Amino acid sequence: MSRQQRKKDHLDFTLKTAQFPVENGFSDINLVYEALPDVDLDEVDISLDFLGKKLKAPLLINAMTGGHPDVKQINRSLARSAAKTGIAMAVGSQTAGLEDTKVRDTYTIARDENPDGVLLANLSALASPSMVKEAIEMIRADGIQLHLNVAQELAMAEGDRKFNGVLTNIEKIVKESPVPVIIKEVGFGLSRETVRKIYDLGVRYIDVGGKGGTDFIKIEYMRSGRDSDGKFQNIGITTAASLIEALSLKLPFTVIAAGGFTGNSDVACALALGAKLVGMTGHFLKVISTSSEQGLISRIDNIVDDLRKNMLMIGAKNLKEITGKPVVITGFTAEWLLRRGVDITEYAVRS
Ligand SMILES: Cc1cc2nc3c(=O)[nH]c(=O)nc-3n(C[C@H](O)[C@H](O)[C@H](O)COP(=O)(O)O)c2cc1C
160 MSRQQRKKDH LDFTLKTAQF PVENGFSDIN LVYEALPDVD LDEVDISLDF LGKKLKAPLL
220 INAMTGGHPD VKQINRSLAR SAAKTGIAMA VGSQTAGLED TKVRDTYTIA RDENPDGVLL
280 ANLSALASPS MVKEAIEMIR ADGIQLHLNV AQELAMAEGD RKFNGVLTNI EKIVKESPVP
340 VIIKEVGFGL SRETVRKIYD LGVRYIDVGG KGGTDFIKIE YMRSGRDSDG KFQNIGITTA
400 ASLIEALSLK LPFTVIAAGG FTGNSDVACA LALGAKLVGM TGHFLKVIST SSEQGLISRI
460 DNIVDDLRKN MLMIGAKNLK EITGKPVVIT GFTAEWLLRR GVDITEYAVR S
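Every position in the sequence shown, counted from 1, becomes a number in this note's numbering once 159 is added.
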């Protein structure tokens with residue numbers, strides 16, 4: 160199975176799996192309604208600075224594709240949608256583009272269509288520092304995502320089995336990279352212990368990529384036709400638990416929340432907890448595959464509209480204010496955090 164074909168399979172099999180049957184924990188995250196906000200909807204400002212550029216909204220079209228001739232059109236549409244709505248975008252893993260110059264245009268199209276936007280490069284955390292530099296140059300990236308995907312590799316018949324040396328590799332990349340390094344998971348979450356290790360390597364940006372959205376164990380099992388009796392390994396930290404674990408360390412990180420987001424109040428909840436951006440992949444892929452580029456732009460506009468209304472309903476005029484608003488954490492997420500020794504009372508009593 161070639162790397163290029165695998166990139167295409169991931170798109171096809173994501174669309175075949177059900178829309179996020181597992182919970183990402185955000186039904187346990189509750190904002191406190193403010194019936195006296197004293198703010199006009201027009202006044203609510205959701206713009207922010209990210210990697211030296213301005214974004215119109217704290218959203219990211221997270222790493223999805225590139226590397227097969229058939230997916231160039233998808234990256235073109237994603238990039239146009241990001242440019243039109245003023246949000247950030249990441250390309251999919253660029254190894255295929257480093258190996259074969261013939262498919263480079265499936266990545267560079269994202270920069271061509273969005274010359275001034277925030278665009279992130281993407282490679283495995285096992286990539287060499289020289290590959291990282293080449294991937295950044297390929298799309299004139301503003302930052303590079305290095306993905307951690309042990310669970311996915313182990314589920315993949317042809318996946319990596321050797322992970323020794325990844326920490327020293329990340330440390331080397333951080334020292335040599337011309338742009339900020341973002342460490343991201345792909346749907347199994349980052350624990351507090353992992354986040355501490357990432358910090359000690361000099362990284363200051365993370366994407367928690369938690370459980371409850373795209374499930375790569377399921378996708379890889381389906382792709383290889385492996386018999387699993389309909390059951391898949393139950394591993395991973397939900398996005399809500401992972402985000403709160405990461406933030407509980409109170410380290411100077413920029414944190415991206417991702418894993419199972421589809422819009423609605425969950426976006427405001429993640430920002431209120433302390434995330435800087437909310438990333439979506441599976442949801443945007445499903446929207447674009449059923450309703451094209453214009454459909455994706457409308458969907459992003461609606462997510463933005465919902466976010467502004469949610470902010471008004473909790474009395475937050477801007478993204479700085481939303482982080483100070485009370486959040487009540489209940490159910491499985493509260494129990495998980497309690498058992499992990501994370502203090503969550505401070506979220507509920509903010510004023
Ligand atoms: C079709 C598909 C391809 C993906 N390819 C990559 C990739 O190349 N690199 C990467 O870091 N993450 C990749 N991801 C993972 C996403 O960036 C994200 O971390 C994960 O899907 C969780 O978010 P979601 O639940 O919103 O989909 C891919 C996801 C999907 C659905």
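The beta carbon of each residue, even a glycine, is placed where N, CA and C say it ideally should be.
Keep in mind the model is a prediction, meaning the values are calculated, not measured.
Since residue i is in the beta strand (DSSP E), which residue starts that stretch and which ends it?
i           : result
residue 302 : 302-307
residue 487 : 486-488
residue 438 : 436-439
residue 173 : Element bounds for residue 173: not the beta strand (DSSP E) but the alpha helix (DSSP H), 162-175.
residue 280 : 278-283
residue 189 : 188-190
residue 220 : 218-220
To which residues does DSSP link residue i through a beta bridge?
i           : result
residue 204 : 477
residue 343 : 306 and 366
residue 446 : Partner(s): none; residue 446 has no beta bridge.
residue 213 : 208
residue 414 : 365
residue 244 : BP columns for residue 244 are empty, so no partner.
residue 397 : 370
So does residue i have its beta carbon nearer than 7 Å to some heavy atom of ligand 1?
i           : result
residue 252 : yes
residue 227 : no
residue 281 : yes
residue 163 : no
residue 439 : yes
residue 434 : no
residue 209 : no
residue 221 : yes
residue 203 : no
residue 343 : yes
residue 347 : no
residue 232 : no
residue 489 : no
residue 535 : Residue numbering for the chain in the displayed model covers 160 to 510; residue 535 lies beyond these limits and cannot be assessed.
residue 284 : no
residue 391 : no
residue 417 : yes
residue 420 : yes
residue 265 : no
residue 372 : yes
residue 368 : yes
residue 444 : yes
residue 397 : no
residue 304 : yes
residue 224 : yes
residue 449 : no
Using the Cβ count rule (16 or more neighbours within 10 Å means buried), how would you classify residue i?
i           : result
residue 240 : buried
residue 270 : buried
residue 335 : exposed
residue 419 : buried
residue 188 : buried
residue 347 : buried
residue 365 : buried
residue 265 : buried
residue 337 : exposed
residue 253 : buried
residue 217 : buried
residue 404 : buried
At what residues does the alpha helix (DSSP H) containing residue i begin and finish?
i           : result
residue 328 : 325-335
residue 249 : Counting along the chain, residue 249 falls outside any alpha helix (DSSP H), though it belongs to the beta strand (DSSP E) covering 247-249.
residue 290 : 288-298
residue 383 : 375-383
residue 256 : 254-258
Does residue i come within less than 8 Å of chain D when only Cβ atoms are used?
i           : result
residue 279 : The chain labelled as chain D is not found in the depicted structure, where only one protein chain is given.
Does the count of Cβ pairs from the region 191-203 and the region 219-233 closer than 8 Å reach three?
Contact between the region 191-203 and the region 219-233 is absent, because fewer than three Cβ pairs lie under 8 Å.
Would you call the region 300-318 and the region 207-220 touching, i.e. three or more CB-CB distances under 8 Å?
In short, these stretches touch, since the Cβ pair count reaches three.
Counting Cβ pairs closer than 8 Å, one from the region 418-432 and one from the region 459-473, do we hit at least three?
They touch, by the three-pair rule.
Is there contact between the region 432-448 and the region 198-206, where contact requires at least three CB pairs shorter than 8 Å?
These segments do not touch.
Could you tell me whether the region 487-497 touches the region 272-285, where touching means 3 or more Cβ pairs closer than 8 Å?
Touching, no, given that fewer than three Cβ pairs across the two stretches are closer than 8 Å.
Given 8 Å, three or more beta-carbon pairs between the region 163-172 and the region 375-389:
Contact between the region 163-172 and the region 375-389 is present, because at least three Cβ pairs lie under 8 Å.
Is the number of C-beta pairs between the region 348-360 and the region 447-464 that are closer than 8 Å three or more?
With a cut-off of 8 Å on Cβ pairs, the region 348-360 is not in contact with the region 447-464, counting fewer than three such pairs.
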